[in-house]
Structures are given as C-alpha cells and as structure tokens.
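A.B. asks: Residue numbering for the sequence shown follows the working numbering, starting at 14 and increasing by one per position. Quick reminder that beta carbons are idealized off the backbone N, C-alpha and C, glycines included. Keep in mind that this is a model prediction, so the values were computed, not measured. I have a structure I would like to understand better, so I am pasting it below and will then ask my questions one at a time.
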Amino acid sequence: MPKQPRRPDERKASEHDCIYGIRASLAVFDVRRADIERVAVSRAVRGDVDPLVKWATQRGIPCREERDDELASLTHSQNHEGLCLVTKPRKFVAQADLAELLSRRKGSAVALDRVRNPYNVGAIVRTAAFFGVDAVILGAPAPHPALAPDAVRVAEGGAEHVALARTTDLADTLARLRKRGIAIVGADAAAKASARTFRFARPVVIVVGHEREGLGARMREQCDTLVAIEGSGVVESLNVAVAAGVLISSITEG
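See below:
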C-alpha cells in the first residue's frame, strides 16, 4: 500500500479518539465509520482489514502502512494488534436520555463506581454488550471519566454496541434515575440478599464498586437493594469484572 504524507495534526487530544485493536477498530468501521479520520495498519494484518483500507482509500481518508514500533508510538501501547484508527470523539449519552432509554425499553444498565482499571472496565463493557445490556455508566470524580483506549480494545467491539454515559457524581445520577422509577441494585459482599435468588425488577441499574474498596457510602444510600454473590468462602471476593459478569447474567436470566 503506498504511503501517503503525514497530515499535521495540531488539534488537542480531546478533539479525537485513538482506537486500536482489530475487533475494536472493525466495530467502529461497522457502526460509525463516518467518525473515522485516519487509519494506520501494519503489513501483517493488512489482509485481515482490507475492506476498511479500501473504504478509507476510496474516500481520501489518510491511510498508512506503519511498522509495529510506529503503531506503538502512535497508540502509546504495545497492544495495538496492528491496527489503529483516529476518530471523532465518542458520543456519551446524556442523563435525561439515559433515563428515557431505560424506561422505554424496561432495560438494564451497569454503573461503575470508581472502577478505574481499563482492563476491568473493558471486560465489563464486553460482557454488557454480549448479554444485551442497554448501557454502561462510568462514574468517577473529576477529571471527567472517559473510556480509556485499552478499555475499548479489551471490550473487543462491545463499546460500539452499548450506550455509554459518564458522570462525576454517580450518586446524584443514581438518585435521578430512581426518581424515574428505575431500580438500583448494588453489589456488596456483606449483603444479606443473594444475587442468585434475587428477582431483578426492570428497568434496573446494577452498581459495582471500586476494585479494593467496593461501593462508596453515597452509592449505597441510593441502592434500593444490596445483593451478594455467594461463594465457597475460600477467597473474600471476586474480581470486579467477574462480579459484574455474574450480576449481568442474573439480570438477563431474570
């Protein structure tokens, strides 16, 4: 593939996203290709993503063949899998629209209380998409929570198939959703109710907490119910992404 001259990019990083990983990038191509502004691909995977390359070339979108080290420099990651897209910023769902979405569909969402590890976030987004959960709410103090590039990659395309919302005050967001009649269920290892037998109402938001600290006090106050995932007791708790997966499965079964 002939190389094209690099286009100077003087825009701030906040004005575009960097998506890398084959499945994550191809999901963007399938769902919101109009957002793609630049393509960088390694020779090794060129044949696997040929429709994307041809599409970009036909439309005059900058598309370059890069070495692995060049892709690592562009993505700031060794996990680029040979493909990177520069895209318009991801659109997040407003709180009012999220409430309307969940109410209209009698749907479900997963809220993340200060879950920061991108591998956990990505795994939760992937699981949510797999089971047909409607939305994932990213909650963390300022700066405003976003979806890290590694989380997008780990989600394996799932980030394009769930609505994504974000908030710097998750407790307030949950309170607003409760006022719209949406049930809020929190995960807590010490809760008396069992996630295995609990009957989840719809619409519902399940809330999982910080990897070490669990749910914050303000989040607990907004939960209609707290549920525990019972285990053998040999270890104290599950990884947050695994716990979210168990709860998501319980929601869809209910």
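Quick check: the segment 165-184 against the segment 26-35, are at least 3 beta-carbon pairs closer than 8 Å?
C.D. replies: The segment 26-35 vs the segment 165-184: in contact.
A.B. asks: Measuring only the C-alpha atoms, how far is residue 102 from residue 38?
C.D. replies: Whole-angstrom Cα-Cα distance: 14 Å.
A.B. asks: Using the C-alpha atoms, what's the distance from residue 198 back to residue 236?
C.D. replies: Going from the Cα of residue 236 to the Cα of residue 198 covers about 5 Å.
A.B. asks: Please look up how many angstroms separate the CB atoms of residue 62 and residue 96, rounded, as I've assumed it's under 8 Å.
C.D. replies: The pair is a contact, with the Cβ atoms about 6 Å apart (cut-off 8 Å).
A.B. asks: Whole angstroms are fine: how far does the CA of residue 131 sit from the CA of residue 288?
C.D. replies: Outside the shown range of the chain, which is 14 to 267, sits residue 288, and nothing can be said about it.
A.B. asks: Tell whether a beta-carbon distance below 8 Å holds between residue 216 and residue 86.
C.D. replies: No, the pair does not count as a contact, with Cβ atoms beyond the cut-off.
A.B. asks: Per DSSP, what kind of secondary structure is residue 34 in: helix, strand or coil?
C.D. replies: Correct three-state label for residue 34: coil.
A.B. asks: Taking only the alpha-carbon atoms, compute the straight-line gap between residue 187 and residue 107 and give it to the nearest angstrom.
C.D. replies: Roughly 13 Å between the two C-alpha positions.
A.B. asks: Return the chain-ordered ranges of every alpha helix (DSSP H) run that is complete within the segment 33-99 and spans a minimum of 4 residues.
C.D. replies: Those alpha helix (DSSP H) runs which fall completely within the segment 33-99 and span 4+ residues are 35-44, 63-71 and 81-88.
A.B. asks: Would you identify the three-state DSSP class for residue 137, choosing helix, strand or coil?
C.D. replies: Three-state result, residue 137: helix.
A.B. asks: Around the Cβ of residue 247, are there at least 16 other Cβ atoms within 10 angstroms (buried) or fewer (exposed)?
C.D. replies: Counting Cβ neighbours within 10 Å, residue 247 comes out exposed, since fewer than 16 surround it.
A.B. asks: Does DSSP put residue 172 in a helix, in a strand, or in coil?
C.D. replies: Reduced to three states, the DSSP call for residue 172 is helix.
A.B. asks: Going by the CB atoms, is the gap between residue 159 and residue 139 shorter than 8 Å?
C.D. replies: Their beta carbons are not under 8 Å apart, which means residue 139 does not touch residue 159 by this criterion.
A.B. asks: Taking the beta carbon of residue 133 as the centre, do at least 16 other beta carbons fall within 10 Å, making it buried, or is it exposed?
C.D. replies: Result: buried.
A.B. asks: Closest Cβ-Cβ distance between residue 133 and chain D: below 8 Å?
C.D. replies: Of the protein chains in the structure, only one exists, and it is not chain D.
A.B. asks: Would you call the segment 40-54 and the segment 65-81 touching, i.e. three or more CB-CB distances under 8 Å?
C.D. replies: Yes, they touch.
A.B. asks: In terms of residue numbering, what span does the beta strand (DSSP E) encompassing residue 123 cover?
C.D. replies: Where residue 123 is concerned, the enclosing beta strand (DSSP E) stretches over 121-126.
A.B. asks: Based on the DSSP output, what are the partners of residue 223 in its beta bridges?
C.D. replies: Answer by DSSP bridge pairing, in chain order: 227.
A.B. asks: Keeping to the same chain, check which residues put their C-beta closer than 6 Å to that of residue 112; ignore five residues upstream and five downstream.
C.D. replies: Within the same chain, residue 112 has close Cβ partners 190 and 193.
A.B. asks: Counting C-beta neighbours from all protein chains within 10 Å, is the total for residue 210 16 or more, i.e. buried, or is it exposed?
C.D. replies: Per the 10 Å Cβ criterion, exposed.
A.B. asks: In whole angstroms, give me the CA-to-CA distance for residue 142 and residue 169.
C.D. replies: Cα to Cα, residue 142 sits roughly 10 Å from residue 169.
A.B. asks: Taking the alpha carbon of residue 175 as the reference point, which residue from 244, 147, 80 and 205 has its own alpha carbon closest?
C.D. replies: Per the Cα distances, 147.
A.B. asks: Shortest alpha-carbon distance to residue 242 belongs to which of 233, 258 and 229?
C.D. replies: Nearest C-alpha to residue 242: 258.
A.B. asks: Roughly how far, in whole angstroms, is the beta-carbon of residue 74 from the beta-carbon of residue 254, given that I think they are within contact range, below 8 Å?
C.D. replies: Not a contact, Cβ separation roughly 34 Å.
A.B. asks: By the DSSP assignment, the beta strand (DSSP E) with residue 151 in it spans what residues?
C.D. replies: Where residue 151 is concerned, the enclosing beta strand (DSSP E) stretches over 148-152.
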